[in-house]
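Residue numbers (this note's numbering), protein chains in the order written: chain S, 443 to 1015; chain L, 26 to 183.
Okay, structure coming up:
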């Protein structure tokens, strides 16, 4: 640590680190619109400029290394004036329709204008005029609101390895767009929504399905069923001022009932179901030398990624539908029959941490006889919006239990919320299926945590399995290339599209920093540690559905309802 | 078309991204424009995503993404032509043909390109159609000029 002088006081910094980090640790806030933590600085927005003794010009603190003897003023008149001018210039061609914007109240540009006390339009430029790209089932793009910070481009390329979008054109006519300005729906976009999470303005947002859901809820002829994904109860609270990781499961259930849903189910139940099918599939592949490694298939961004970039590895993807689609299929078959409701009268909603789930629900493979397994998908953010629209007070609602028969889950199902969770849950059940005994230690520490690539060697009976857990699709490229070249032997690989898994999904509350993600992850493992039923095969509701309806894992019914196939996709990659 | 592009790519074995622009130039010279198909093939060759290639190509005025029309109109936007009113001429052409610079009319008859200087400042404002210069053009001249070329194009079709 070395000492530097900032605004007349001494703070500590690491030699060579970028100044902005030292400032933040010391509690000195300089704004930025383009900086992504722990990634190479781009220095595009210039908002983080500070005055450095001995430098003629202001320097951007995001890309100025700390060295001893530095003397800095972060909020000198010159620095603040420069920031204000930058924001005023950004506003010069921005559509001033904040009141009608998705990000009204959560927009970083709006915040800056407010913080810098900008009260009039100082520069008048030609207002941006572009068509909105509404082609994607998951993500809408409004280039008029884009300030060209470049964060979406970088996340898409450097974190996800997809590069669906890039800067198009030059100078003042630059835009962010796809190759040949095609719609996102025919681009290589995997719908993950990480771009939305980093977008400072309303230029990127999820396709809103609130109206569809509201219409169904007020239609007396519809029986409206909702399922919520494992991570939702751990992140929804943040939208209502609770600390990251606060579990609002019971309160959310109560809220969903108040909204008028006829049944509230947990996707964690069908995560258990996924494990039964997927662990059985793994065991079968091992015993019959089926295509290995087997890849998990719960994450629809990852599935599309394989379909378009690695089609030759499609046989390696588990044929299991994702938990969302499994529960969707079960609701419109088993549940419909049991409750004597015609499937076409059921409107099935899912609350997901994910924008790609909207795409997944619309896939052709995910319907039977013209009836979709899932009718509408809301993100965590959309659910929060609905709750606010209906004036429900999350701090006053009394917790309630989910409905039977799909409200009961094991902690293994809940683990699906985080990277490594599917792996852990699957291995617990695979161990039982192969040896007939439970694992001695259910916790597989090597696959926990926020690392992008995690590996473990797991002994089950006389088998040793090499398993890998990957999150952030860029990381999968490394491993897939090694698998393809034969330099790495893996039997089972879990992939979650978003870094850290669903707790950091593209539909989650905005502005989550690394600490928030860690807190969400801790909350998942706390649930696993404190509850009794920790394996999917021990979930009584799972045992019942196999006894009453499905028969056995990988059986005829399962094949029909719970498994699917994938196809090579030709997109402009 | 595929083979033409492959021929070009063969001239750049083991190339990295620094060869992108020379390759794009070769493709445009061979095809007259940068096609989607060529972007895919260049991407495979250089291990670059299509969006990146499109991003680089759109940075430069020289690349176009539609085939040129039967009559390719180059309008000079150099200083002398600008002073003599080439902006108004450009507007008139765009409106008459309902295309922007870099585009081609639907019937494939005309395409439009803005160039920095045609090197004929004494004739400003100047446009070139398939390399043939038209001097001291005014917005009023445009419709007649386009009609002449269109008739020529249509009659040679028959």
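All residues carry an ideal CB built from backbone N, CA and C; glycine is no exception.
Residues near residue i by beta carbon distance below 6 Å, same chain, minus five either side
i: residue 793(S); result: 670, 674, 820 and 825
i: residue 29(L); result: 55
i: residue 944(S); result: 673, 795 and 859
i: residue 884(S); result: 870 and 976
i: residue 506(S); result: 461
Where residue i sits in the DSSP three-state scheme
i: residue 669(S); result: strand
i: residue 638(S); result: helix
i: residue 487(S); result: coil
i: residue 783(S); result: coil
i: residue 705(S); result: strand
i: residue 565(S); result: coil
i: residue 504(S); result: helix
i: residue 970(S); result: helix
i: residue 168(L); result: helix
i: residue 820(S); result: strand
i: residue 532(S); result: helix
i: residue 160(L); result: coil
i: residue 152(L); result: strand
i: residue 715(S); result: helix
i: residue 137(L); result: strand
i: residue 829(S); result: helix
i: residue 630(S); result: coil
i: residue 577(S); result: coil
i: residue 839(S); result: coil
Where residue i falls, given that 16 or more other Cβ within 10 Å makes a residue buried
i: residue 454(S); result: exposed
i: residue 990(S); result: exposed
i: residue 482(S); result: exposed
i: residue 443(S); result: exposed
i: residue 928(S); result: exposed
i: residue 174(L); result: buried
i: residue 141(L); result: exposed
i: residue 1042(S); result: Chain S is shown from 443 up to 1015; residue 1042(S) falls before or after that span and cannot be answered.
i: residue 137(L); result: buried
i: residue 68(L); result: buried
i: residue 956(S); result: exposed
i: residue 781(S); result: exposed
i: residue 168(L); result: exposed
i: residue 83(L); result: buried
i: residue 1010(S); result: exposed
Beta strand (DSSP E) segment containing residue i, residue limits
i: residue 454(S); result: 451–455
i: residue 916(S); result: Per DSSP, residue 916(S) belongs to no beta strand (DSSP E); it is in the alpha helix (DSSP H), 915–927.
i: residue 617(S); result: 617–620
i: residue 608(S); result: 607–610
i: residue 97(L); result: 96–101
i: residue 876(S); result: From DSSP, residue 876(S) is part of no beta strand (DSSP E) but of the alpha helix (DSSP H) over 863–877.
i: residue 583(S); result: 581–583
i: residue 881(S); result: Looking at the DSSP string, residue 881(S) is not in any beta strand (DSSP E), and its letter there is neither H nor E.
i: residue 789(S); result: 788–794
i: residue 646(S); result: 646–648
Close Cβ partners of residue i (< 7 Å) along its chain, the five nearest in sequence each way excluded
i: residue 545(S); result: 643 and 644
i: residue 64(L); result: 75, 78 and 79
i: residue 902(S); result: 872, 873, 876 and 877
i: residue 117(L); result: 164 and 167
i: residue 984(S); result: 714, 715, 718 and 978
Inter-residue CB distance, residue i and residue j (contact presumed, cutoff 8 Å)
i: residue 114(L); j: residue 124(L); result: Residue 114(L) to residue 124(L), Cβ: 15 Å. No contact.
i: residue 759(S); j: residue 741(S); result: That pair is no contact at about 11 Å.
i: residue 580(S); j: residue 633(S); result: 4 Å
i: residue 492(S); j: residue 528(S); result: Rounded, the Cβ-Cβ distance is 13 Å, inconsistent with contact.
i: residue 861(S); j: residue 911(S); result: 6 Å
Terminal residues of the alpha helix (DSSP H) in which residue i lies
i: residue 70(L); result: 61–71
i: residue 746(S); result: 742–751
i: residue 897(S); result: From DSSP, residue 897(S) is part of no alpha helix (DSSP H) but of the beta strand (DSSP E) over 895–902.
i: residue 28(L); result: 27–35
i: residue 114(L); result: 111–122
i: residue 556(S); result: 550–557
i: residue 52(L); result: 45–56
i: residue 76(L); result: 75–84
i: residue 935(S); result: Looking at the DSSP string, residue 935(S) is not in any alpha helix (DSSP H); the run it does join, the beta strand (DSSP E), is 934–938.
i: residue 655(S); result: 652–659
Sequence-distant residues of the same chain with beta carbon closer than 8 Å to residue i, five excluded per side
i: residue 41(L); result: 71
i: residue 786(S); result: 813
i: residue 66(L); result: 27, 30, 31 and 34
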